[in-house]
Each structure stands twice: as structure tokens, then as C-alpha cells.
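Residue numbers (full-length UniProt numbering): 1 to 240.
Yeah, the Cβ is synthetic: ideal placement off N, Cα and C, and Gly gets one too.
For reference, the structure is listed below as C-alpha cells.
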């Protein structure tokens with residue numbers, strides 16, 4: 001009697017292995033796709049934010065939000081930059097705070113810088129709209145970020161862009177000045193200008209004496225009488 005071939009049992013085992021490994025393969029493929037798409041979306045997010053292209057950045061955020069496992073801080077960070085671009089400061093604060101919770105301290109400088117700038121800007125808005133207590137809370141929160149950040153995040157940073165380097169380096173004194181400005185008394189108004197004195201009154205008209213004789217009343221009136229007669233009158237007055 002011939003022995004039964006082991007081939008059918010090996011075939012069934014192979015099918016079971018394929019069946020059980022299918023979810024793992026799908027997961028691995030999904031992670032690979034995530035890695036590829038996250039890198040692409042992450043790079044394009046930087047350029048799209050620099051170009052202020054909100055629609056393209058919104059698409060980047062949507063791609064990075066899918067299977068946010070490999071770099072969990074990247075998607076909320078990109079969402080925060082989109083919120084800044086849209087002027088949604090409260091949403092930006094929430095997204096950057098989420099990204100900070102997902103980021104190791106030694107890699108947290110980019111998140112801390114954005115979060116500080118957002119809270120400082122929120123304080124500026126509160127101060128402008130006459131909400132000094134809210135502005136004070138925002139400024140103090142931003143200052144706490146600066147004071148507790150790893151070395152080199154703000155003061156003595158090495159940002160290659162001079163303008164960004166100055167903004168980061170001056171964060172603490174800038175926030176301290178804004179806090180002091182909230183409690184400073186209003187400036188004293190300038191003294192009222194003294195009005196210029198009125199111009200002097202014109203001098204009074206001279207008073208002419210009354211004529212004492214008919215001679216004082218003689219005059220030449222070209223509009224009355226014959227000019228020749230008037231000339232003769234002048235000559236007579238002069239001789240007279």
C-alpha cells in the first residue's frame with residue numbers, strides 16, 4: 001500500500017499561513033504607504049506653508065492625518081501651521097499643544113517656537129481688544145514656554161535666517177516688555193498749547209483841527225467846475 005503524499009497537508013498549511021498573514025501584510029503595506037506619503041506630504045507642507053498656499057496645505061494635512069502612527073507629532077504640527085495660515089489661533093494652539101505632547105523634549109524646539117508665537121499673538125489680540133487680564137495670561141504662558149525650553153531654542157539660537165534668529169532670541173525680553181506695558185499708567189497728555197495773543201488794535205485815526213479860516217478850507221476838487229478855474233484858484237491860494 002502506497003504511503004499518502006504529504007503534499008495536500010503542506011498545501012493546506014501554506015494556505016493557512018497566507019490567510020493568517022494577510023492582515024499583517026496589509027498593515028505592513030499601509031505603514032509603507034504611510035511612510036512614503038508622510039514624507040511627501042511633510043516636504044510639500046513646508047513649501048506650501050512658505051508659499052501661503054492654504055488649499056494645498058489643507059490637502060497635505062489630510063494625507064498626514066491618515067494612519068498617524070509613524071511620526072505622531074507631524075500631523076498635528078502641520079494642522080497647526082494650517083490654522084495659523086487661516087488665522088485660527090485657538091485651533092493652532094490646540095494642534096501645537098497636541099504635537100508637543102507627542103514630541104520628545106530633545107526634538108521639541110520647532111513645536112515650542114510655534115506655540116510661543118501663537119500664544120504671544122493671542123495676547124496681542126487680547127491687548128488690542130482691551131482684555132488686559134486675558135492678554136496677561138497669554139503673555140505669561142508664552143514666557144513660561146521660553147523659560148522652560150531646551151537650551152538654544154530661543155536665546156542664543158543658531159537659526160540660519162537672521163530675522164527668525166532675532167525673533168527667537170528676543171522672545172523673553174519682548175514678552176517682559178509687553179507684560180510691563182499692560183500695568184503701566186497711561187501716558188500724561190501733553191500740555192495744552194497757549195493760544196497766540198490777538199493782534200494789536202489799529203491805532204486811532206488822527207483828529208484834525210477844525211479850520212480857523214476860509215483859507216484852510218481851500219482845496220482842489222477836479223470833479224467840480226472848470227479845470228482852468230481850479231488852476232487859477234490854486235495859484236491864488238499860493239499867492240495869498
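- When C-alpha distances from residue 117 are compared across 79, 171 and 107, the shortest belongs to 171.
- Excluding the 5 residues flanking it on each side, residue 145 has same chain C-beta neighbours closer than 8 Å at 112, 115, 116 and 119, in chain order.
- Residue 78 and residue 84 do not touch by the CB rule: their CB atoms are close to 11 Å apart, not below 8 Å.
- Here residue 107 is exposed: its Cβ has fewer than 16 other Cβ atoms, across all protein chains shown, within 10 Å.
- Note on residue 76: 16 or more other CB atoms within 10 angstroms of its CB, so buried under the neighbour-count rule.
- In the three-state reduction of the DSSP assignment, residue 130 falls in the coil class, being assigned neither a helical nor a strand state.
- By the criterion of a C-beta distance shorter than 8 Å, residue 147 is surrounded in its chain by 172, once the five residues flanking it on both sides are discounted.
- In the three-state reduction of the DSSP assignment, residue 149 falls in the coil class, being assigned neither a helical nor a strand state.
- Each residue's CA atom was taken as its position, placing residue 82 and residue 161 some 22 Å apart.
- It is roughly 8 Å from the alpha-carbon of residue 175 to the alpha-carbon of residue 142.
- The beta carbons of residue 72 and residue 109 sit about 18 Å from each other, so the pair does not count as a contact at 8 Å.
- Across the structure, residue 138 and residue 182 are spaced so that their CA atoms are roughly 12 Å apart.
- Inter-residue distance for residue 184 and residue 153 is about 30 Å (C-alpha atoms, whole angstroms).
- With respect to the 8 Å criterion, residue 100 and residue 122 are not classified as neighbours on the basis of their beta carbons.
- About 11 Å separates the Cβ atoms of residue 134 and residue 124, ruling out a contact at the 8 Å cut-off.
- Following the DSSP letters along the chain, one finds residue 169 inside the alpha helix (DSSP H) bounded by residues 162 to 169.
- If the five residues before and after residue 156 are omitted, its C-beta is found closer than 8 Å to the C-beta atoms of 169, all from its own chain and listed in chain order.
- Here the alpha carbon of residue 177 sits roughly 27 Å from the alpha carbon of residue 95.
- With a cutoff of 8 Å on beta-carbon distance, residue 131 and residue 179 are scored as not near each other.
- Around residue 80, the same chain offers 92, 95, 96, 99 and 114 as residues with beta carbons nearer than 7 Å, after the five sequence neighbours per side are excluded.
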